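Here my numbering is used: the first residue of the sequence shown is 3, the next is one more, and so on.
Just so you know, even glycine gets a beta-carbon here, dropped at the ideal spot from N, CA and C.
Treat the numbers as computed from the prediction; the structure is a model and nothing was measured.
Reviewing the structure listed below.
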Amino acid sequence: MQSVNNNHDQGGETPTNFDQVADAIQERKRQLELEEQELERKRFEAQQAERERKLDAYNALRDDANGFRATAAKETDEASKKTYVQWALDADRQAVQLARELGLAIEEPEPELEPTTLEKVTSLLRHRVGALVQMILLGAAIMWASTNFESIGQHIQELNKSLPVEQQMNAYDLTSNQKFFFEKYVEFWDLPVGLFKLLILVPFVGLYLLPFIRSRKDFFTEFFEDLTPYQRCVITLAFVALFILHSALSHGVKP
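Shown next, in the form of structure tokens:
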């Protein structure tokens, strides 16, 4: 009977052994909790780093888009202008995609639509109709001035028939018309003569201004491709003022 009890005690577990196993399990649980917390911390840091990276990329894309638009506004070449505008739109689309991923509240840019063929044709026709109307008005003004010139001259001649010689008025006649066309003759001949003088004295300036010599360094190419709209306006106003002054001075020409 005593040997049976001894065998039972040797094959069973004591309360102390259970406590040790429980402590080991609790320690393992604490280790797992620590490992889980460390994993969550690393995951959070990785998410924050990824968010910072995307936010930096978003701000960089917005800056790029603004820079491309500013460059396009200064660009005079139409092909380059369209390229910069397209780059700006691409940068905007990428920035909007990143904003969605980041959960940012942002308004999507409206697409800049190219004018349709109908709109281009309508604009071209509008400009041509405007030019035609200007030519018609200019022709009407010249006809009105010419008709009044002739009719008033005839009226003066009719009045002179009933006036004594000392009171008669001098009406413009064909001599006056000849003087007018002589002024225009001298005015228009001054232009090629002036260019010819440039070719003799400073040939590089004359070649720069010649309209039928096209190179990378000529006035017409640089006017349309290199100058800003403001610079073109200033040069155009200067040319108009000089031509008006030239026409005014031509009236002092005497045959």
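Could you check the C-alpha separation between residue i and residue j for me, to the nearest Å?
i, j, result
"residue 198", "residue 208", "8 Å"
"residue 193", "residue 248", "10 Å"
"residue 64", "residue 205", "50 Å"
"residue 250", "residue 191", "15 Å"
"residue 106", "residue 32", "39 Å"
"residue 227", "residue 242", "21 Å"
"residue 135", "residue 223", "29 Å"
"residue 225", "residue 130", "23 Å"
"residue 155", "residue 128", "40 Å"
"residue 181", "residue 162", "23 Å"
"residue 149", "residue 142", "10 Å"
"residue 202", "residue 221", "19 Å"
"residue 19", "residue 29", "15 Å"
Residue i by DSSP, collapsed to three states: which one?
i, result
"residue 77", "coil"
"residue 106", "coil"
"residue 171", "coil"
"residue 228", "coil"
"residue 57", "helix"
"residue 166", "coil"
"residue 254", "coil"
"residue 189", "helix"
If I'm right that residue i touches residue j with Cβ under 8 Å, what's the distance once you round it to whole angstroms?
i, j, result
"residue 229", "residue 78", "7 Å"
"residue 104", "residue 57", "6 Å"
"residue 83", "residue 74", "5 Å"
"residue 100", "residue 60", "4 Å"
"residue 262", "residue 158", "Here the chain covers residues 3 to 257 and nothing more, so residue 262 does not appear."
"residue 252", "residue 189", "4 Å"
Starting from the Cα of residue i, find the closest Cα among the options and give me that residue.
i, options, result
"residue 152", "239, 188, 178", "178"
"residue 97", "69, 85, 62", "62"
"residue 183", "76, 256, 196", "256"
"residue 185", "48, 95, 47, 254", "254"
"residue 102", "237, 23, 53", "53"
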